[in-house]
Structures are given as structure tokens and as C-alpha cells.
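Here the structure comes first, spelled out in C-alpha cells, and everything after it is commentary.
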Amino acid sequence: MSAQIYFEEYGGPTVLRHGDQQLPEPGPGQVRLVNRAIAVNPVDWKIIAGYMRDFRPLTFPAVPGTESAGVVAAVGPDVEGVAVGDEVIWTGFMGGYRAEAIVEAAELLAKPASIDFEQAASLPAAAGTAYSAVHQIGVAAGDTVLVHGAAGGVGSAAVQIARGLGARVIGTASPGNHEYLASIGAEPVAYGDGLVEAVRALGTVTAVFDSVGGAGSTAATQALLPDLSRAVTAVSDEHATAAGIAAVVAHPDRYPAVVALAEQGIIRFSIQDRIPLAEAVKALELSQAGHVRGKLILIP
Ligand SMILES: NC(=O)c1ccc[n+]([C@@H]2O[C@H](COP(=O)([O-])OP(=O)(O)OC[C@H]3O[C@@H](n4cnc5c(N)ncnc54)[C@H](OP(=O)(O)O)[C@@H]3O)[C@@H](O)[C@H]2O)c1
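Residue numbers (this note's numbering): 17 to 316.
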């Protein structure tokens with residue numbers, strides 16, 4: 017038997033239930049994965065709340081979670097290139113909040129030994145999105161990039177990727193996160209009143225990545241960057257759409273590329289909390305509150 021978190025109706029995090037499941041043997045193309053770390057993302061509580069129900073309806077009971085890292089414990093027929101004992105990163109749509117899982121071998125990436133399970137599990141969504149965004153706006157040495165939400169999972173990865181490309185980075189966060197932003201190479205500014213003036217006092221912005229969305233971030237982007245072709249957002253809401261700010265588009269090379277950047281020490285997440293899998297409700301409530309620094313990790 018293996019522990020899992022599931023839900024049988026859309027709603028807030030408290031619809032989640034904790035139970036055990038009997039795992040089948042892995043079928044053709046599948047492996048049994050023993051998870052060592054499961055990353056929490058805002059999309060998890062958004063899916064549970066039903067934000068995607070119109071275009072990607074769920075079959076209940078459903079298990080949340082889109083990424084984890086662990087060890088392969090069994091391999092089904094017709095699997096090539098993956099063996100028992102391999103340390104891997106898994107990313108897929110739903111099913112991650114499990115101590116053990118049957119997953120498609122095609123959804124696995126090799127985990128380098130130099131990256132721990134928590135860092136590895138955090139890479140696909142946060143760093144993958146940041147990588148796509150930074151490359152979509154063509155960040156290079158000589159740029160001054162503004163990152164809205166620089167202390168979050170996606171934003172902190174974007175800061176580090178842009179710094180790795182030689183850009184100067186200005187990042188927004190609440191004052192309590194300014195020391196952290198400085199530690200990852202961003203010049204911190206507070207969001208809210210005075211944001212545009214504070215950024216202007218630091219220099220001229222040449223590209224913007226918004227990982228926050230909403231009226232305030234969008235208005236600041238418009239004020240600071242006349243050429244919005246160099247702005248991109250991870251939160252394509254009505255404000256970004258009205259302003260004509262492009263949504264981030266997944267870059268085909270993002271997963272291997274971010275694993276390589278983590279191996280090189282360019283991307284390293286702050287892990288705000290490690291929370292037992294059985295307490296997934298607490299993790300999702302923290303994520304929903306919107307002030308996680310770096311990543312939250314569920315430990316099976
Ligand atoms: N389109 C895509 O493919 C895609 C992929 C991944 C994520 N996303 C979306 O991108 C967003 C960010 O994801 P995430 O994983 O980075 O979330 P997260 O880690 O939960 O972000 C939390 C961070 O947001 C910061 N924050 C909150 N309000 C802010 C504001 N007004 N201005 C600046 N920073 C603010 C907080 O900093 P303080 O505590 O200092 O306030 C906190 O560090 C989510 O909406 C997520 O769903 C989209």
C-alpha cells in the first residue's frame with residue numbers, strides 16, 4: 017500500500033483527503049517511482065479549485081501534483097534507458113501527490129547525482145517556465161531585466177537564469193525578501209506605491225518578466241517598458257491581455273536545459289518549507305496565500 021492525497025470534488029485545499037492505494041505492476045512503457053520529494057505549485061490549488069474544469073475536466077477521484085523526484089523501483093515491459101535504482105525527475109499532468117506512483121517512462125528525466133531530490137523536483141514548472149520566459153524576450157548581457165515576483169519559485173529561477181546570461185536584474189518583492197533577492201543577484205524593489213519611481217531610480221529597463229500578474233504589475237510594466245515586445249507574463253490575465261503583453265510559451269528544450277543549469281549551480285531554489293505529504297492541505301493553503309519564498313516541498 018502507498019500513501020496518496022486525492023480529492024473527489026472541486027473546491028479549496030480542504031477537499032483533499034489522505035489515503036492508501038494498492039499500486040498495480042507497471043505496464044508497457046511504465047515504471048514504479050518511489051518519490052523522495054514532491055514540489056508544490058500554484059497550479060495545484062488552481063486545478064483543485066476547478067480553474068481548468070472547462071477545458072481539462074478531471075475524472076474523480078483525482079490526485080494533484082505535476083512534478084516530483086525519486087528512485088525507480090520497478091520497470092515494466094518495453095522500457096528503454098531507465099533501470100531500477102535510477103534517480104529521476106518526473107513531470108506530468110496530475111498524480112504527483114503520492115509516496116509511490118506508476119508513471120510513464122517517457123515523463124522521466126535523469127536526475128544528476130549533484131542535484132538533491134528537493135531541488136530536482138522543483139525544476140520543471142518553476143525553472144522551466146522561467147527559462148522559456150527569459151528566452152522568449154531574448155535576455156542577453158547588456159539587458160536590465162525587471163522580474164515581477166522575484167522571490168517566488170518562477171521569479172527566483174528567472175532572476176538566476178537572467179543573471180547567468182549576463183543581464184542586470186531588478187526584482188520586486190516585499191521588503192522582508194529583499195536580502196534574499198540580493199543573495200540571488202537581483203537589485204530589490206518593493207511592489208505597490210512608488211514601484212515605477214524606485215525602478216527608474218535604478219536604471220532603464222530593457223525587458224520585463226511578470227510572474228505575478230494583476231493591475232499593479234501590468235501598469236508598472238507599461239510605464240517602464242515602451243516596447244512591450246520585450247515583456248512576457250506567466251499570468252496571462254485580463255490586464256496583460258488588454259495591455260498586449262505576451263504569455264509565456266513553453267520552450268521545447270526547457271527541461272534538459274534547466275537540469276543543466278542546476279548542475280552548473282546557476283539555478284538553486286530557496287526551500288521555504290518541507291511539509292509531510294499527509295499535510296498537503298497546509299502546503300496548498302500556504303501556496304494560495306501567495307507569499308512563498310522559493311519552493312514548498314512535500315515529503316512522502
Ligand atoms: N503560464 C505558465 O506556464 C506558468 C507556469 C508556472 C507558474 N505560473 C503562474 O505564475 C505565478 C507564479 O508562480 P510561482 O510558482 O512563482 O508562485 P509562488 O512561488 O507561489 O509566488 C510567490 C511569490 O510571489 C510574490 N508576490 C506576491 N505578490 C506580489 C506582488 N504584488 N508583486 C511582486 N511579488 C509578489 C511573493 O513575494 P512576497 O512574499 O515578497 O510578497 C512570493 O515570493 C502563479 O500564478 C502560477 O500559477 C504560470
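For every residue, glycine included, the Cβ atom is placed at its ideal position computed from N, Cα and C.
In the DSSP assignment, Ser-148 falls within the alpha helix (DSSP H) that extends over 144-152.
For Val-170, the uninterrupted alpha helix (DSSP H) run begins and ends at 169-180, by DSSP. For Ser-245, the shortest C-beta to heavy atom distance toward ligand 1 is 6 angstroms or greater. By the beta-carbon neighbour count (other beta carbons within 10 angstroms, threshold 16), Phe-76 is exposed.
Remark: the C-beta of Thr-107 is outside contact range of ligand 1, defined as less than 6 angstroms to any heavy atom. When rounded, the separation of the alpha-carbon atoms in Lys-127 and Gln-135 is 10 angstroms. From the listed residues Pro-58, Phe-23, Ala-115, Arg-33, the smallest Cα separation to Pro-316 is found for Ala-115. The closest heavy atom of ligand 1 lies 6 angstroms or more from the beta carbon of Arg-270. For Tyr-207, the shortest separation between its Cβ and any heavy atom of ligand 1 lies below 6 angstroms.
A Cβ-Cβ distance of about 7 angstroms is found for the pair Ala-202 and Ile-186, placing them in contact under the 8 angstroms criterion. Excluding the 5 residues flanking it on each side, Ile-287 has same chain C-beta neighbours closer than 7 angstroms at Glu-134, Gly-310, Lys-311, Ile-313, in chain order. Not one heavy atom of ligand 1 is found less than 6 angstroms from the C-beta of Pro-128. By the Cβ test, the region 68-75 is not in contact with the region 146-157, since fewer than three Cβ pairs between them sit closer than 8 angstroms. For Val-205, the enclosing beta strand (DSSP E) starts and ends at 203-205. With 16 or more other Cβ atoms inside 10 Å of its own Cβ, Glu-123 counts as buried. For Val-91 against Pro-42, the beta-carbon gap comes to about 7 angstroms, under 8 angstroms, which counts as contact. In the structure shown, Lys-311 falls within a strand segment according to DSSP collapsed to helix, strand and coil. At least 7 angstroms separates the beta-carbon of Leu-39 from that of Ile-21. Nearest neighbour of Gln-280 by Cα position, chosen from Glu-120, Gly-108, Ser-130, Thr-107, turns out to be Ser-130. Look at Gly-168: its beta carbon is less than 6 angstroms from one of the heavy atoms in ligand 1. For Arg-216, the enclosing alpha helix (DSSP H) has its first and last residue at 211-218. Taken from the Cβ of Ser-138, every heavy atom of ligand 1 lies 6 angstroms or farther away.
Taking C-beta separations shorter than 7 angstroms and ignoring five residues to either side along the sequence, the partners of Ala-231 in its chain run His-255, following chain order.
Within 10 angstroms of the beta-carbon of His-307 lie fewer than 16 other beta-carbons, which makes it exposed. Contact annotation, Gly-66 with Tyr-26: C-beta distance approximately 3 angstroms; criterion of less than 8 angstroms satisfied. In this structure, DSSP gives Asp-94 a state outside helix and strand, which the three-state scheme calls coil.
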